[in-house]
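I have placed the structure first, in the form of structure tokens, so that the comments after it can refer back to it.
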Amino acid sequence: MIDLDKIRAIDIHTHAEEPCGCHSDDGYDDLQSTMAKYFRAPWQHPPTIPETAAHFREQNIAAVIFPVDAERETGYRRYSNDEVIELVKENSDVLIPFASIDPWKGKMAVREARRLIEVHGIKGFKFHPTMQGFFPNDRMAYPFYELLAEYGCIGLFHTGQTGVGSGMRGGNGMRMKFSNPMHLDDVAVDFPDMKIIMAHPSFPWQEEALAVAQHKPNVYIDLSGWSPKYFPPILVRYCNSILRKKVLFGSDWPMITPERWLADFEKIDIKDELRPDILKNNAARLLGLME
């Protein structure tokens, strides 16, 4: 279990990659190496879950970690949720598992999600509309959301531009239109009891994301995927004011290391009294780790 008194932050957004690192049979190697260059990541092959745990333990940071199931749309083999969960259990002092299931899998997705919640106590699910090829407010996904609302689970949605496929021919087939955060306004209305995290500063739709998070009590924003030094002024202004309890530290590991993100966060104009909430307490409350 996570000991909140012993950690300095909770990273709400980290990725689990397959233990073999990159593999070339379905283009995954090209995708990962191109993203590593895009983000200037300090590796050639993604770290394993045990390597990730060791890094975060050394940094005294806890982390939510998840795979991304986009095999239907991309052809990239998914990393089994069950395998991820078992490895995370071995590192439960620093890692918290979320799962990922492509909502296009319909009843199969709902059945798998219910099992993961009831058997393993999974608290959240990662969705990547651009990689999975769906609009979040597509009614196709609503049975999945109904399950999340029933169990009080979190839906964490990629929003905005993505580094996935950036610079590759045709963007490697990634269509950014799916990740406009305004689509999540419908989801927040139709599922007011489901907690929603909009991942990343939502370029080029930052103001849309801020509007949805301010208007809907069940919507939060994580700050992952960007160095804080690139945050637009309006995002910093909202972090310092009306969204101070609804913004969450996230790195987007392994593309951005938590220590790099935190070092840059120290240099931006965030009120000192709000930093503990943004870095740890807001996430702890959302995850049910504290009142």
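The opening residue of the sequence shown carries number 1228 in this note's numbering; numbering runs sequentially from there. Backbone N, C-alpha and C fix where the C-beta goes; we use that ideal spot for every residue, glycine too.
What are the boundary residues of the alpha helix (DSSP H) that includes K1309? Looking up residue 1309 in the sequence shown gives position 82. Position check: residue 1309 holds Asp in this sequence, whereas Lys was assumed. Segment N1308 to K1316, the alpha helix (DSSP H) holding D1309.
From the DSSP output, in three-state form, read off K1350 for me. Reading the sequence shown from its first residue, position 123 is the one you call residue 1350. Coil, per DSSP.
Between P1503 and chain B, is any beta-carbon pair separated by less than 9 Å? Looking for chain B here will not work: only one protein chain is present.
Which same chain residues end up closer than 6 Å to E1339 when comparing Cβ atoms and leaving out the 5 residues on each side of it in sequence? For the purposes of this step, residue 1339 is taken as the residue at position 112 of the sequence shown. Contacts found: I1328.
Please report the distance separating the alpha-carbon of V1346 from that of K1494. Indexing the sequence shown from 1 puts residue 1346 at position 119. Indexing the sequence shown from 1 puts residue 1494 at position 267. Their Cα atoms are separated by approximately 43 Å.
Buried versus exposed call for P1356 [16 or more other C-beta atoms within 10 Å across all chains shown]: Your numbering for residue 1356 matches position 129 in the sequence shown. The residue in question, P1356, is buried, as its Cβ has 16 or more Cβ neighbours within 10 Å.
Buried versus exposed, by CB contacts within 10 Å (16 or more), H1427: On the sequence shown, position 200 is the one that residue 1427 refers to. So H1427 counts as buried.
Status (buried if at least 16 other CB within 10 Å, exposed otherwise) for L1231: Your numbering for residue 1231 matches position 4 in the sequence shown. L1231 comes out exposed.
Assuming I1461 is part of the alpha helix (DSSP H), what are its boundary residues? Here residue 1461 is taken as the residue at index 234 of the sequence shown, counted from 1. P1460 to C1466 is the extent of the alpha helix (DSSP H) around I1461.
Whose CA, out of D1479, M1421 and E1317, lies closest to the CA of F1352? Indexing the sequence shown from 1 puts residue 1352 at position 125. Looking at the Cα atoms, M1421 is the closest of the given residues.
Taking the continuous alpha helix (DSSP H) assigned at M1425, which residues delimit it? Residue numbering aside, residue 1425 sits at position 198 when the sequence shown is read from its first letter. Where M1425 is concerned, there is no enclosing alpha helix (DSSP H), although the beta strand (DSSP E) it sits in stretches over K1422 to A1426.
Just mark V1416 as buried or exposed, buried being the case when its beta carbon has 16 or more other beta carbons within 10 Å. The count along the sequence shown starts at 1 and reaches residue 1416 at position 189. So V1416 counts as exposed.
Could you give the distance in angstroms between the alpha-carbon of V1463 and the alpha-carbon of G1387? One-based indexing of the sequence shown puts residue 1463 at position 236. One-based indexing of the sequence shown puts residue 1387 at position 160. In a straight line, the C-alpha of V1463 is about 17 Å away from that of G1387.
Along the chain, where does the beta strand (DSSP E) containing D1238 start, and where does it finish? Looking up residue 1238 in the sequence shown gives position 11. D1238 -> beta strand (DSSP E) spans A1236 to H1242.
Separation of W1480 from C1466, as counted between CA atoms: Within the sequence shown, residue 1466 is the residue found at index 239, counting from 1. Within the sequence shown, residue 1480 is the residue found at index 253, counting from 1. So the two alpha carbons sit approximately 22 Å from each other.
Is the beta carbon of F1293 less than 9 Å from the beta carbon of P1330? Within the sequence shown, residue 1293 is the residue found at index 66, counting from 1. Within the sequence shown, residue 1330 is the residue found at index 103, counting from 1. The answer is no: Cβ separation not under 9 Å.
To the nearest angstrom, report how far apart A1440 and R1284 are at their CA atoms. On the sequence shown, residue 1440 is found 213 positions in, with the first residue counted as 1. On the sequence shown, residue 1284 is found 57 positions in, with the first residue counted as 1. Approximately 31 Å between the Cα atoms of the pair.
Determine the direct distance from the alpha carbon of L1475 to that of W1468, and round the result to whole angstroms. Residue mapping note: residue 1468 aligns to position 241 of the sequence shown, counting from 1. Residue mapping note: residue 1475 aligns to position 248 of the sequence shown, counting from 1. At residue 1468 the sequence reads Ser, which differs from the Trp that was named. Spanning the two alpha carbons is a distance of roughly 14 Å.
Candidates S1451, A1511 and L1383, of which the one nearest E1486 by Cα: Working through the sequence shown from its first residue, we reach residue 1486 at position 259. Comparing Cα-Cα distances from E1486 to each of S1451, A1511 and L1383, the minimum goes to S1451.
Between which two residues does the alpha helix (DSSP H) carrying F1492 extend? Position 265 of the sequence shown, counted from the first residue, corresponds to residue 1492. Start and end: P1485 to F1492.
List the whole-angstrom C-beta distance separating H1240 from D1496, where the pair is believed to meet the contact cut-off of C-beta under 8 Å. Looking up residue 1240 in the sequence shown gives position 13. Looking up residue 1496 in the sequence shown gives position 269. With 8 Å as the limit, H1240 and D1496 do not qualify as a contact, their Cβ atoms being about 22 Å apart.
Separation of A1243 from V1295, as counted between CA atoms: On the sequence shown, residue 1295 is found 68 positions in, with the first residue counted as 1. On the sequence shown, residue 1243 is found 16 positions in, with the first residue counted as 1. For V1295 and A1243, the distance between alpha carbons rounds to 8 Å.
Taking all protein chains shown into account, do 16 or more other C-beta atoms lie within 10 angstroms of the C-beta of G1477, making it buried, or fewer, making it exposed? Within the sequence shown, residue 1477 is the residue found at index 250, counting from 1. Looking at its Cβ environment, which holds 16 or more other Cβ atoms inside 10 Å, G1477 is buried.
Spatial neighbours of L1411 within its chain, please: CB distance less than 8 Å, with the 5 preceding and 5 following residues excluded, ordered by chain position. The residue labelled residue 1411 in the question sits at position 184 within the sequence shown. Cβ neighbours of L1411 beyond the five flanking positions: P1363, N1364, F1384, T1386, I1423, M1425, V1439 and V1446.
Report the partner residues of Y1447 according to the DSSP bridge assignment. As a working mapping, residue 1447 is identified with position 220 in the sequence shown. Per DSSP, I1424.
Ordered along the chain, which non-local residues of its own chain (more than five positions away) have a Cβ less than 6 Å from that of Q1359? Here residue 1359 is taken as the residue at index 132 of the sequence shown, counted from 1. The answer, listed in chain order, is A1297, E1300 and D1329.
Can you check whether the CB of R1471 is closer than 9 Å to the CB of D1504? Along the sequence shown, read from residue 1 onward, the residue named residue 1504 stands at position 277. Along the sequence shown, read from residue 1 onward, the residue named residue 1471 stands at position 244. A contact, by the Cβ cut-off of 9 Å.
Could you tell me the alpha carbon to alpha carbon distance between E1278 and Y1378, rounded to whole angstroms? Indexing the sequence shown from 1 puts residue 1278 at position 51. Indexing the sequence shown from 1 puts residue 1378 at position 151. Approximately 31 Å between the Cα atoms of the pair.
Assuming M1409 contacts E1435 (C-beta within less than 8 Å), just tell me the rounded distance between them. Reading the sequence shown from its first residue, position 182 is the one you call residue 1409. Reading the sequence shown from its first residue, position 208 is the one you call residue 1435. Right, their Cβ atoms sit about 5 Å apart.
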